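A quick write-up on the structure given underneath.
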Amino acid sequence: IVSQWFQKEAALIFTSCFVANSTTLTTLGKLLPNCVFFSDEKNHASIIEGIRNSRCEKYVYKHNDADDLERCLIKVDESRPKIVVFESINSMNGSIAQIKRICDISHKYGAIVFLDEVHAIGLYGTYGSGLSEHQECLDSVDIISGTFGKTVGTIGGFIVGRSNLVDVIRSYAPGLIFTTALPPSIIASS
Numbered sequence: 001i002v003s004q005w006f007q008k009e010a011a012l013i014f015t016s017c018f019v020a021n022s023t024t025l026t027t028l029g030k031l032l033p034n035c036v037f038f039s040d041e042k043n044h045a046s047i048i049e050g051i052r053n054s055r056c057e058k059y060v061y062k063h064n065d066a067d068d069l070e071r072c073l074i075k076v077d078e079s080r081p082k083i084v085v086f087e088s089i090n091s092m093n094g095s096i097a098q099i100k101r102i103c104d105i106s107h108k109y110g111a112i113v114f115l116d117e118v119h120a121i122g123l124y125g126t127y128g129s130g131l132s133e134h135q136e137c138l139d140s141v142d143i144i145s146g147t148f149g150k151t152v153g154t155i156g157g158f159i160v161g162r163s164n165l166v167d168v169i170r171s172y173a174p175g176l177i178f179t180t181a182l183p184p185s186i187i188a189s190s
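Numbering (the UniProt record's numbering), first residue to last: 1 to 190.
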C-alpha cells in the first residue's frame, strides 16, 4: 500500500524514519563500490549519520543550491556511483527544495536521487505523497523516505523506490534485518 501511495514499485517499513535514512544510506554506500554522496549542507542528522557510517567520499553542497550541487557533481568521474541526498522541506528552517531541478541535474551525472519527504507527507500533493508529487516530479526521485510519526499519527518509517534498490536494502540492511519489526496493530493503523 505504501509503494502505491507514492507510485513506486516497492516499499520497506522501518521502526522510524531515522533508522530508514541511516540504514538505507549506509547500506547503499557499502554495497556500491567507490560510491560518492552529495549531501545538502542542512540535511537531517539521520542522513548525515548514514553517509558517515558508509565511509564513502562525500561532497556537501550549499543548501538547496542546484548550481553548487552541479559544481560538485562535475568534479567526480562519471563512472563512479553517485547518490544525491536532500530533504523536500528542511527539518530546521522549513525551506522548500526545487526537487525537479535537483533531480534533473543529478540524473544528468548518473546519480541516484534520495529524497527525505518527512515534513511534506500528508500536506502536499493530490494524494498527500509530498512535494515531489506536488511539484510533479515523483517519477524523477529514485528513493523516497518518510514517516508515519507526523501527519499519519502512528509510528514507523519507510522507504519507497525501484524494486532493485529496495530489494538490496531488504537483503543487506542490518537496521532492518536485525531489529524487532513494528507490531501488526501499528502497521494496520498506518
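Heads up, the beta-carbon is just placed ideally off N, CA and C, and yes, glycines get one too. Since this is a predicted model, take the numbers as computed values, not measurements.
Start-to-end residues for the alpha helix (DSSP H) that takes in residue i
i       : result
Lys-108 : 99-108
Asp-167 : 163-172
Leu-73  : 66-73
Thr-27  : 17-31
Sequence-distant residues of the same chain with beta carbon closer than 8 Å to residue i, five excluded per side
i       : result
Glu-41  : Val-60, Tyr-61, Lys-62, His-63
Lys-150 : Val-118, His-119, Ile-121, Gly-122
Exposure label - residue i; buried when at least 16 CB within 10 Å
i       : result
Ile-97  : Ile is not the amino acid found at residue 97; the sequence shown has Ala there. Looking at its Cβ environment, which holds 16 or more other Cβ atoms inside 10 Å, Ala-97 is buried.
Ala-188 : exposed
Glu-117 : buried
Asn-90  : buried
Glu-147 : A quick correction: the sequence has Thr, not Glu, at residue 147. Thr-147 is buried by the Cβ-count criterion.
Glu-70  : buried
Gly-94  : exposed
Ser-171 : exposed
Unbroken beta strand (DSSP E) run spanning residue i, endpoints
i      : result
Lys-58 : 57-61
Ser-39 : 36-40
Val-85 : 82-87
Phe-14 : 10-14
Own chain, CB closer than 6 Å to residue i, minus 5 neighbours either side, in chain order
i       : result
Cys-72  : Phe-38, Tyr-59, Tyr-61
Val-84  : Phe-38, Ser-106, Ala-111, Val-113
Ala-173 : Thr-23, Thr-27
Whole-number beta carbon distance between residue j and residue i, since they are thought to touch under 8 Å
i       : j       : result
Thr-24  : Ser-145 : 7 Å
Phe-6   : Asn-43  : Wrong, their Cβ atoms sit about 20 Å apart, outside the cutoff.
Leu-165 : Asp-142 : 6 Å
Leu-131 : Leu-12  : About 21 Å; that fails the 8 Å criterion.
Val-152 : Arg-80  : About 37 Å separates the two Cβ atoms, so there is no contact after all.
Phe-158 : Ala-20  : 6 Å
Same chain, Cβ closer than 7 Å to residue i, five either side skipped, listed in chain order
i       : result
Ser-163 : Glu-9, Ala-10
Lys-100 : Gln-135, Cys-137, Ser-140
Ile-186 : Thr-154, Ile-155, Gly-156
Cys-56  : Gly-29, Cys-35, Val-36, Phe-37
| Of all the beta strand (DSSP E) runs that stay within the bounds of the stretch 116-153, which reach a length of 3 or more residues? | Fully enclosed beta strand (DSSP E) runs of 3 or longer: 143-147.
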